[in-house]
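Going by numbering that gives the first Met the number 0, the first residue of the sequence shown is number 0, and it counts up by one from there. Here a beta-carbon is modelled for each residue, glycine too, at the ideal position from N, C-alpha and C. Have a look at the structure below before the remarks.
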Amino acid sequence: MSRREFTKKTMREALSRSGYKCEAVGAMYGLEPGRRCNSDLAYGVEFDHIVLDANSKDNSLENCASVCIKCHRWKTANHDIPMAARTVRMQDKARGVKKKSQPIPANSTLRTREPRDPNKGLPPLPNRSLYEAKP
Ligand SMILES: [Zn+2]
């Protein structure tokens with residue numbers, strides 16, 4: 000199992016701690032800073048990793064929030080996914096994976112390819128003399 004999740008015990012404890020009201024707090028969940036959602040979890044509960052670390056997932060009760068579906072969706076789309084993308088970009092950078100400025104290998108066909116004709120596909124320009132003939 001590559002992706003560890005909360006145990007049932009942790010989820011039970013988180014739900015009991017929540018008082019069956021959504022525990023999402025603050026901007027991370029699309030709420031005002033410091034404000035708790037408090038939606039009734041009877042309509043559906045999901046368990047969110049408050050701090051999402053793709054490499055070492057913290058499945059402790061402290062990192063487990065009982066949240067409503069709306070809050071969970073908001074955080075996944077607006078916080079967790081952009082954060083994961085940023086983590087991947089930073090890992091790429093640390094490992095020297097770059098998009099630009101890759102040297103072209105000596106035996107590459109790119110080096111011997113004919114230069115592209117910028118006028119390709121366009122009608123030819125009419126002939127014109129450089130100097131107007133004087134009458
Ligand atoms: Zn909520």
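### Query
Can at least three beta-carbon pairs, one atom from the stretch 28-38 and one from the stretch 51-69, be found at a separation below 8 Å?
yes
### Query
Cβ of C63 within 8 Å of any heavy atom in ligand 1?
no
### Task
Tell whether a beta-carbon distance below 9 Å holds between N77 and G43.
no
### Message
Only counting the same chain, and skipping five residues up and downstream in sequence, which positions put a Cβ closer than 8 Å to that of V50?
### Response
Counting only residues of its own chain and dropping the five nearest sequence neighbours on each side, V50 has a CB closer than 8 Å to the CB of D57 and N62.
### Query
Rounded to a whole number of angstroms, what is the C-alpha to C-alpha distance between A83 and S107?
35 Å
#### Entry: Counted within 10 angstroms of its Cβ, other Cβ atoms place M0 as buried (16 or more) or exposed
Model confidence at M0 stands at a pLDDT of 37, short of 50, so the residue's coordinates are unreliable; what they give is reported in the following sentence. Of the other Cβ atoms in all chains shown, fewer than 16 fall within 10 Å of the Cβ of M0; this residue is therefore exposed.
#### Entry: Among K20, W73 and R115, nearest to M27 - alpha-carbon criterion
W73
### Query
Which same chain residues, not among the five before or five after K20, have their C-beta less than 6 Å away from its C-beta?
N37
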